[in-house]
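Student: At position 36 of the sequence shown (counting the first as 1) the number is 35 in numbering that gives the first Met the number 0, and the numbers step up by one without a gap.
By construction, the Cβ of each residue, glycine as well, lies at the ideal position given by its N, Cα and C atoms.
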Amino acid sequence: MTSKLARVFAIGASGAVLLGGMLVVAPVASASAQGCTGTNLRTDPALLCTTVDGESTTVKNIQASIDIKNYTCNADFKVWGTYADGRKYSDTGHAKCGLGRVWVDFKPGGGKFENGTKVCSALVENGKVRAEHACIEIKK
Numbered sequence: 000m001t002s003k004l005a006r007v008f009a010i011g012a013s014g015a016v017l018l019g020g021m022l023v024v025a026p027v028a029s030a031s032a033q034g035c036t037g038t039n040l041r042t043d044p045a046l047l048c049t050t051v052d053g054e055s056t057t058v059k060n061i062q063a064s065i066d067i068k069n070y071t072c073n074a075d076f077k078v079w080g081t082y083a084d085g086r087k088y089s090d091t092g093h094a095k096c097g098l099g100r101v102w103v104d105f106k107p108g109g110g111k112f113e114n115g116t117k118v119c120s121a122l123v124e125n126g127k128v129r130a131e132h133a134c135i136e137i138k139k
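In structure tokens form, the structure reads like this:
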């Protein structure tokens, strides 16, 4: 319920975010948490989100998504963070077509993440990671 309320707030605020500059939200991950930021996909305003499922510093699933009012295809995402032993986690994925939301699910599988690290996602266009990042801070 909290994630839904946060998402409703974020979607409602996305217009202001898009006009007023970049907003980065980095809530602390518990069982499930989401961080979003305003962006655009091609020429359409959109909301980029990172959702993390897990407990404490154990991350079981990372979802990178973009909410957009139109039907869209070919969204590429990159996710990254740091494991507790200092190794860097990074992965990329390609979203299928969809209306309203497209996403990619990632399964890190490399152990616990570093306490205080941020797990982030970004859109990738023409092989380059976009400047807008949506992040979640991982805490014990």
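Once the 5 residues before and after residue 77 are set aside, which same chain residues still bring their CB inside 6 angstroms of it?
Tutor: These residues qualify, in order along the chain: 91, 121, 123, 128.
Student: Spell out the partners DSSP gives residue 84 in its beta bridges.
Tutor: The partner list for residue 84 (beta bridge, DSSP) is empty, contrary to what the question assumes.
Student: With a 10 Å radius around its C-beta and 16 neighbouring C-beta atoms as the bar for buried, classify residue 137 as buried or exposed.
Tutor: Buried, by the Cβ-count rule.
Student: Per the DSSP calculation, residue 106 is bridged to which residue(s)?
Tutor: In DSSP, residue 106 forms no bridge with anything.
Student: On the three-state DSSP scale, how would you describe residue 92?
Tutor: Of the three classes helix, strand and coil, the one that applies to residue 92 here is strand, per DSSP.
Student: Verify whether the separation of the beta carbon atoms of residue 130 and residue 101 is less than 8 angstroms.
Tutor: No; because the gap between Cβ atoms is not below 8 angstroms, this pair is not in contact.
Student: Tell me the DSSP bridge mates of residue 39?
Tutor: 44.
Student: Look up residue 138 in the DSSP assignment and say whether it is helix, strand or coil.
Tutor: Three-state DSSP puts residue 138 in coil, outside helix and strand.
Student: Pop quiz: residue 103 and residue 133 are said to be a contact at Cβ under 8 angstroms. What is the actual Cβ separation, rounded to whole angstroms?
Tutor: Contact flag wrong, Cβ pair sits at about 13 angstroms.
Student: Indicate the three-state DSSP secondary structure (helix, strand or coil) for residue 100 in the structure shown.
Tutor: Here residue 100 sits in strand by DSSP.
Student: I need the boundaries of the beta strand (DSSP E) containing residue 69, first residue and last residue.
Tutor: Taken as a continuous stretch (DSSP letters only), the beta strand (DSSP E) holding residue 69 covers 57-71.
Student: Is any heavy atom of the ligand SAH found at a distance shorter than 7 angstroms from the C-beta of residue 95?
Tutor: What this structure holds is no ligand at all, so the ligand SAH is not there to describe.
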